[in-house]
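Comments concern the structure below.
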Amino acid sequence: MAKAGKIKGTTAVTSNADKVYFANSGGGYSSTSDAVPLGAKNYAEAQVSVKATAALASADSDKTMMPLATSAEDLAAATVPTLLLTLKIAAGSSDTTPATGIVVAGTDGVTVKKDIAGQPDNFDIAYANGKYTLEPKSSVTNWSSVDVTLSGKVGGTYESVAENVAAPAVTLTWTVTAKPTDAAPSIATTTYNLAAGTAVAVTTNFGAGASAATSITGVEKPDGGELASSNYSVSGNVITFSGDWVDKILVGMEGGASKKYKVVFNTGDKIELTFTKPNG
Numbered sequence: 059m060a061k062a063g064k065i066k067g068t069t070a071v072t073s074n075a076d077k078v079y080f081a082n083s084g085g086g087y088s089s090t091s092d093a094v095p096l097g098a099k100n101y102a103e104a105q106v107s108v109k110a111t112a113a114l115a116s117a118d119s120d121k122t123m124m125p126l127a128t129s130a131e132d133l134a135a136a137t138v139p140t141l142l143l144t145l146k147i148a149a150g151s152s153d154t155t156p157a158t159g160i161v162v163a164g165t166d167g168v169t170v171k172k173d174i175a176g177q178p179d180n181f182d183i184a185y186a187n188g189k190y191t192l193e194p195k196s197s198v199t200n201w202s203s204v205d206v207t208l209s210g211k212v213g214g215t216y217e218s219v220a221e222n223v224a225a226p227a228v229t230l231t232w233t234v235t236a237k238p239t240d241a242a243p244s245i246a247t248t249t250y251n252l253a254a255g256t257a258v259a260v261t262t263n264f265g266a267g268a269s270a271a272t273s274i275t276g277v278e279k280p281d282g283g284e285l286a287s288s289n290y291s292v293s294g295n296v297i298t299f300s301g302d303w304v305d306k307i308l309v310g311m312e313g314g315a316s317k318k319y320k321v322v323f324n325t326g327d328k329i330e331l332t333f334t335k336p337n338g
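Counting in the numbering used here, the sequence shown runs from 59 upward without gaps.
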């Protein structure tokens, strides 16, 4: 990114298409940050929730924050220097689909969630003061964890960033809580890059308890109509959009443009998916 004052020293930096660089361990730079491991000493399956907020660093308080895109399409249409920041929790042992979200400006930022496996064998049952408790074994180290990364892309006229414009600092806040027993359907990853002829498999979570779904009943098109079922297949909680369908929606799309469809569950819940044609 132009005027990226964070790159220091003699480290060689190879330009990439994203034009955003995070300092990585070992002295290198890339458009994805080093992974931050988040772990928990939990007996039962739990849920990690990570919130990312973007704001000017105190040293840049007299400047204007560079705009943050809310989608790849938004970034492609930008006419001023603009950032697209994506927060990702990598797949875990009990939840094998990564969770991603786009960081937006303001205090809401973005929150992504991921299940984390429990480790009951790592606990001993102890008795003290008239009650039983679970105590972590001091000798074990194989606790569950997930990796969190931040990646970026830049769009607009990034070659000429004004002196009074600064990229934001990103703050991560995370919590570990019991896995919800009553939850509506959800989809961890809702943005997908399309490749000609390549099917797209989307793993959904039916939820839990009274709010849970039991099936996927359809797909809603951008115009509100129903997508013909010949364009996709459903197996349990996985919906797969065919390679032929991908080819059809790629026709006429510019690089960086997106189209939005909604997966419909038998509960009536609808979750929006964004399909993007990569640049190049």
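Every residue, glycine too, gets a C-beta built ideally from N, C-alpha and C.
If you compare alpha carbons, which of the options is closest to residue i?
{"i": "A344", "options": "A98, S91, A113", "result": "Any answer about residue 344 is impossible in this case: the structure gives the chain only from 59 up to 338."}
{"i": "V206", "options": "V106, Y319, L285", "result": "V106"}
{"i": "T261", "options": "N295, D173, T235, S288", "result": "N295"}
{"i": "N180", "options": "D92, D281, N100, K318", "result": "N100"}
{"i": "D281", "options": "K121, D166, T256, K320", "result": "K320"}
{"i": "A242", "options": "D132, K335, Y87, K328", "result": "K328"}
{"i": "E217", "options": "T140, D305, A117", "result": "T140"}
Quick one: what does DSSP say residue i is sitting in, helix, strand or coil?
{"i": "K335", "result": "coil"}
{"i": "P194", "result": "strand"}
{"i": "N100", "result": "coil"}
{"i": "S288", "result": "helix"}
{"i": "V204", "result": "strand"}
{"i": "V304", "result": "helix"}
{"i": "N341", "result": "In the structure as shown, the chain begins at 59 and stops at 338. Residue 341 is therefore absent and cannot be evaluated."}
{"i": "D92", "result": "coil"}
{"i": "A186", "result": "strand"}
{"i": "A157", "result": "strand"}
{"i": "S13", "result": "Residue 13 lies beyond the stretch modelled for the chain, which goes from 59 to 338, so this question has no answer here."}
{"i": "A163", "result": "strand"}
{"i": "S293", "result": "strand"}
Quick one: Cα of residue i to Cα of residue j, how far?
{"i": "S119", "j": "V161", "result": "20 Å"}
{"i": "P238", "j": "N200", "result": "24 Å"}
{"i": "G67", "j": "A110", "result": "Note on G67: pLDDT 45, under 50, position unreliable in the model; the coordinate value appears next. Looking at the two C-alpha atoms, the distance is approximately 29 Å."}
{"i": "G84", "j": "V94", "result": "15 Å"}
{"i": "N82", "j": "K121", "result": "26 Å"}
{"i": "K335", "j": "Y290", "result": "19 Å"}
{"i": "K211", "j": "T191", "result": "48 Å"}
{"i": "T155", "j": "N187", "result": "43 Å"}
{"i": "K318", "j": "S288", "result": "18 Å"}
{"i": "A70", "j": "F80", "result": "Any answer about A70 is weak, because its pLDDT of 44 lies below 50 and its placement is not dependable; what the coordinates show is given next. Each residue's Cα considered, the two are about 13 Å apart."}
{"i": "D305", "j": "V277", "result": "17 Å"}
{"i": "D240", "j": "A271", "result": "11 Å"}
Please confirm whether residue i and residue j have their CB atoms less than 8 Å apart.
{"i": "T275", "j": "F323", "result": "yes"}
{"i": "A259", "j": "T215", "result": "no"}
{"i": "S316", "j": "S209", "result": "no"}
{"i": "A246", "j": "N263", "result": "yes"}
{"i": "S202", "j": "A98", "result": "yes"}
{"i": "T158", "j": "T233", "result": "no"}
{"i": "V204", "j": "L96", "result": "yes"}
{"i": "T256", "j": "G326", "result": "no"}
What does residue i pair with, by DSSP beta-bridge criteria?
{"i": "L133", "result": "The partner list for L133 (beta bridge, DSSP) is empty, contrary to what the question assumes."}
{"i": "E330", "result": "K320"}
Any heavy atom of the ligand COA closer than 7 Å to the beta-carbon of residue i?
{"i": "V108", "result": "Absence of the ligand COA from the depicted structure is noted, as is the absence of any ligand whatsoever, leaving it without description."}
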